[in-house]
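As given, the protein sequences belong to chains A and B, one line each in that order.
Under numbering that gives the first Met the number 0, the first sequence is numbered contiguously, ending at residue 174.
Under numbering that gives the first Met the number 0, the second sequence is numbered contiguously, ending at residue 590.
A virtual CB, placed ideally from N, CA and C, is assigned to each residue, including glycine.
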Amino acid sequence: MGGMIEHHPDALTTDIATTQTLRQAYDAHAAGLLRLCVLLSGRQDVAEELVQETFERTARAGALETLPQARVGAYLRTTALNLWKNRLRRLAIERRGRARTASRDAGLSFEQRDELWSAVRRLPTRQRACVVLRYYEELSEQETATLLGCSVGTVKSQTSRAIARLREEIPDVDR
Amino acid sequence: MSIDERVRQTLRRRADDVMVPDELWERIDDHARTASRDTSRRIAIAVAALVLALGSFVFVFRAFRVEPRPERPVADPTLWQVREFPVGRDPGELVIAQGSVWIARDGVVTRVDPSSGTTQDTPVALRSEGSSGTVSPRSQLTYGDGRIWTVAEPFFVGIDARSGEVERSFAWESGVTRLTFHEGRLFYGGSAEGNGQIVAIDPSNDESDSWGTAGAANPAVVITQHWLWAADSRSLTRVAPDRDPQQVVAGIDVVDSITAVGDAVWVTGDGTLWKVDAREPAVSASPQSEFPAVADGAVLLERAVTAQASVAAGGGALWLLEQAAAGTTLTQLDPTMGSPIGAAVALGYDVPAVLAVDERGAPWVTFRNEGVLVSLAPSEGAVLPENEPTTPVDATSARLEVSCEGSGVQLGGGSIVTATAEGVQVAINNPAGARYVEFHRIGSGAGSSIGAPAAAQRVFNWPIEPGGWLVGCIRSGQDYRDVPTRSFEVVDPTGYWIQPGLDCDAPTVEQARVYGDVSDEEVPAVALSEITGVTESDTFGGAGYGGRNFHGWRYWGIVVRDGKRVASLKVGFNREITIESCVADIHWVGP
Chain A
0 MGGMIEHHPD ALTTDIATTQ TLRQAYDAHA AGLLRLCVLL SGRQDVAEEL VQETFERTAR
60 AGALETLPQA RVGAYLRTTA LNLWKNRLRR LAIERRGRAR TASRDAGLSF EQRDELWSAV
120 RRLPTRQRAC VVLRYYEELS EQETATLLGC SVGTVKSQTS RAIARLREEI PDVDR
Chain B
0 MSIDERVRQT LRRRADDVMV PDELWERIDD HARTASRDTS RRIAIAVAAL VLALGSFVFV
60 FRAFRVEPRP ERPVADPTLW QVREFPVGRD PGELVIAQGS VWIARDGVVT RVDPSSGTTQ
120 DTPVALRSEG SSGTVSPRSQ LTYGDGRIWT VAEPFFVGID ARSGEVERSF AWESGVTRLT
180 FHEGRLFYGG SAEGNGQIVA IDPSNDESDS WGTAGAANPA VVITQHWLWA ADSRSLTRVA
240 PDRDPQQVVA GIDVVDSITA VGDAVWVTGD GTLWKVDARE PAVSASPQSE FPAVADGAVL
300 LERAVTAQAS VAAGGGALWL LEQAAAGTTL TQLDPTMGSP IGAAVALGYD VPAVLAVDER
360 GAPWVTFRNE GVLVSLAPSE GAVLPENEPT TPVDATSARL EVSCEGSGVQ LGGGSIVTAT
420 AEGVQVAINN PAGARYVEFH RIGSGAGSSI GAPAAAQRVF NWPIEPGGWL VGCIRSGQDY
480 RDVPTRSFEV VDPTGYWIQP GLDCDAPTVE QARVYGDVSD EEVPAVALSE ITGVTESDTF
540 GGAGYGGRNF HGWRYWGIVV RDGKRVASLK VGFNREITIE SCVADIHWVG P
């Protein structure tokens, strides 16, 4: 053995298995998760960080090995939402970031041509989350309430306020 | 196309534009492998730690073991006397007046007598001729001049707070919400053409008085000694007594609740608790500014709270209600600093509806699903933290006393410190062994740090400009956002602080050097003697507090002419001189 470096065979096998499982989960869910995070946060860079951390945490927790395949997507989505909520609590960073983003994105052609998306981005955080989960993820009010940790009534009122505000901000929208 | 469908399509279109970058997988994979390599090493450490942790766990488990979700409040009965009153599901606005608690519900105002626990409903859902129906008074309830006031569109309704009978009603326009009573007048936030409207009504003669527009719609109105504050869900607007100008408080873009203690306003929104100091006259009118709080200093303090939090005040006491996955908690806050007074009181897992504080400073909370009103009062003989603010609001100190204790920081002597000609006198004690003490402007990334003393107290003058600041004790690898901070305010009534910079866009720049046999201390005076054009009517002073050792310069002086900063002299530690001038007559004449 002299001079050789020993690898523990079990550890190496576990590494490879974990990476393969993680890759499978990434291929299946990364794109959808990234889209959701962009809609929630309004920013591609923030969304990428959220997705990255979601997969890392999920892998660290060993969830991919224990969860049934059908529940991996929901688990990742819940993790991403929790990470996003945690991020919002780091308020000074988040608020300054939002101000910077608003000015940086001002010249983007996408923003100019899609007034409604700009209005969605300006919604308060909880209202935006309700709108994204209800209209993009097509979740029920109960599912949205469970994910956001609030009551069904709150989801109803937040969604209703959001839609009312969008109506106010986009004058040409059909009533 | 309906707005629902348009929103759906917009979100899908935006989502379709999202591309997954190639390097995202590589970043995840790299981190996963690094974490895996570290695992073996961590296992060994973890085994050792496990043995130690096991003992601690048993202790902690006993202290904090998770019980099945209680339906009832779980405040410590040795400290708090908790009382519950059934009031019906989904209660609305809550007011405490004349020894009773009044709760707005659909079509009725319910009066709860805390002494007997009995309830009495007063129907208020009136109906007018030509009106197609009634509107619930759920969000409109206030007390003033012996009456509980509510709205049952299109009527204002006044209920005698002693008899519980409707004593007065008068017809009004629709869209009235968020009532407040102040000095004989009912204020409400209405809505017209997409703007929030503030209206004051004298209920004795039904005459109204417009306070103009503020926010988007139906703002909540709070009145302090000098100002009226209007908060819609996205902004806070301060209205001067003469109603003009109306100024948006920059830096606050989500408002869930608002209350006033003394002359300061407290706001929660989007996971933040803010204190806005009503004494500060300057408020930025431009919420678009990237760092607006730097310019105005109106937001004195901000703290992270849970995403669903509300504040209420009464009897000089400030209470914070927070809803989280771990349950609902109620915490009394110091109305000066916003620091918790004592431990948070757990109130179970039901969804809270409204928090109110009575004139004795005791909190009342309604819960939606259980339909109960919960009151909290100190138990007899309980030793509770003082109810008084830790620092009187108006107290100012000559010295900022900073003490690094445990993982946090404490401020002694007061949170408002008066600047001297030499700067702000700071004393640091460091029993916790922090590495640095960092100061940061509230609302800005700008700040400075200084090494914390190893043992004895260190006292020094530090160029902290007037305004609101955070201070934190930092260990290696930490950032001020990672550690508990305290806020304080620097005031400069004498005007010692001179803001660095010039009042022109493109000053001329000359560079020179002082040679010869002069001491370092004499260099600024020698340099100044070689500048021409400074007249007797000009003012010459050091930037900041005296200009010495300021922003990396040995000395930084500024010439002020007719109120404008027209020229500056900067002296470097290597005796290099930089003269910047906005006017032709001030320039360098030396070698």
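Distance between residue j and residue i (C-alpha atoms, nearest Å)
| i | j | result |
| --- | --- | --- |
| D15 of chain B | R34 of chain A | 8 Å |
| A352 of chain B | S150 of chain A | 11 Å |
| V482 of chain B | D208 of chain B | 48 Å |
| D537 of chain B | H586 of chain B | 14 Å |
| R574 of chain B | T417 of chain B | 33 Å |
| A324 of chain B | R177 of chain B | 29 Å |
| S131 of chain B | K155 of chain A | Because the pLDDT of S131 of chain B is 41, which lies under 50, any placement of that residue in the model is unreliable, and the question is left without a value. |
| V510 of chain B | I578 of chain B | The amino acid at residue 510 of chain B is misidentified as Val; the sequence shows Gln. Near 6 Å, if we compare the C-alpha coordinates of I578 of chain B and Q510 of chain B. |
| Q8 of chain B | L122 of chain A | 17 Å |
| Y435 of chain B | M18 of chain B | 43 Å |
| W461 of chain B | I251 of chain B | 30 Å |
| Q245 of chain B | G211 of chain B | 9 Å |
| I257 of chain B | Q224 of chain B | 16 Å |
| T327 of chain B | G315 of chain B | 23 Å |
| I27 of chain B | V364 of chain B | 45 Å |
| A303 of chain B | G270 of chain B | 6 Å |
| D584 of chain B | A566 of chain B | 10 Å |
Beta-carbon gap between residue i and residue j smaller than 8 Å
| i | j | result |
| --- | --- | --- |
| V593 of chain B | V94 of chain B | Only positions 0 to 590 of chain B appear in this structure, which leaves residue 593 of chain B out of reach. |
| G116 of chain B | A103 of chain B | no |
| T121 of chain B | V108 of chain B | yes |
| T53 of chain A | T78 of chain A | yes |
| A312 of chain B | V356 of chain B | yes |
| L332 of chain B | L319 of chain B | yes |
| S396 of chain B | G370 of chain B | no |
| P506 of chain B | C581 of chain B | yes |
| V470 of chain B | A426 of chain B | no |
| K569 of chain B | D502 of chain B | no |
| S486 of chain B | I441 of chain B | yes |
Reduced DSSP secondary structure (H/G/I, E/B, other) of residue i
| i | result |
| --- | --- |
| Y348 of chain B | coil |
| V517 of chain B | coil |
| E128 of chain B | The pLDDT assigned to E128 of chain B is 39, lower than 50, so where the model puts this residue is not dependable; a value taken from the coordinates is nonetheless given after this. Coil at E128 of chain B, not helix or strand. |
| I27 of chain B | helix |
| E509 of chain B | strand |
| F572 of chain B | coil |
| I578 of chain B | strand |
| D15 of chain B | helix |
| S117 of chain A | helix |
| Y554 of chain B | strand |
| R34 of chain A | helix |
| C403 of chain B | strand |
| E321 of chain B | strand |
| T53 of chain A | helix |
| W461 of chain B | strand |
| N204 of chain B | coil |
| A524 of chain B | helix |
| R99 of chain A | Annotation note: pLDDT 40 at R99 of chain A (below 50); position unreliable, no value reported. |
Chain A residues whose Cβ lies nearer than 9 Å to that of residue i
| i | result |
| --- | --- |
| I102 of chain B | Going along chain A, no residue has its Cβ under 9 Å from I102 of chain B, so there is no contact; the nearest lies around 17 Å. |
| D205 of chain B | Simply none; closest approach about 30 Å. |
| S232 of chain B | P123, Q126, R160, R164 |
| R602 of chain B | The structure shown has nothing for residue 602 of chain B, since chain B only spans 0 to 590. |
Where residue i meets chain A, residues with beta-carbon distance less than 8 Å
| i | result |
| --- | --- |
| W24 of chain B | R22, Y25, A29 |
| D584 of chain B | The premise fails here: D584 of chain B is roughly 39 Å from chain A at the closest Cβ pair, so nothing lies under 8 Å. |
Interface residues of chain B facing residue i [CB-CB closer than 7 Å]
| i | result |
| --- | --- |
| W116 of chain A | T9, R13 |
| C149 of chain A | Q307 |
Listed by chain order, chain B residues near residue i by CB distance under 9 Å
| i | result |
| --- | --- |
| Y74 of chain A | None at all; the shortest Cβ gap to chain B is about 16 Å. |
| E167 of chain A | G193, A215, A216 |
| Q43 of chain A | V17, M18, P20 |
| A61 of chain A | The question names Ala, but residue 61 of chain A is Gly in the sequence shown. Per Cβ cutoff of 9 Å: no residues; G61 of chain A is ~11 Å from chain B at best. |
| V119 of chain A | V6, T9, L10, R13 |
CB contact below 8 Å: residue i versus chain D
| i | result |
| --- | --- |
| A324 of chain B | Looking for chain D here will not work: the only protein chains present are A and B. |
Beta-carbon neighbours of residue i, restricted to chain A and to distances below 7 Å
| i | result |
| --- | --- |
| A229 of chain B | What A229 of chain B touches in chain A: nothing, since even the nearest Cβ is about 17 Å away. |
| D537 of chain B | In chain order: nothing, as chain A lies at least about 38 Å away. |
Nearest-angstrom Cβ-Cβ length linking residue i and residue j, presumed shorter than 8 Å
| i | j | result |
| --- | --- | --- |
| G543 of chain B | I497 of chain B | 7 Å |
Contacts that residue i makes with chain B (C-beta to C-beta distance below 8 Å)
| i | result |
| --- | --- |
| L33 of chain A | V17, V19, L23 |
The ligand HEM heavy atom lying under 7 Å from the CB of residue i
| i | result |
| --- | --- |
| A505 of chain B | Among the components modelled here there is no ligand, and therefore nothing to report on the ligand HEM. |
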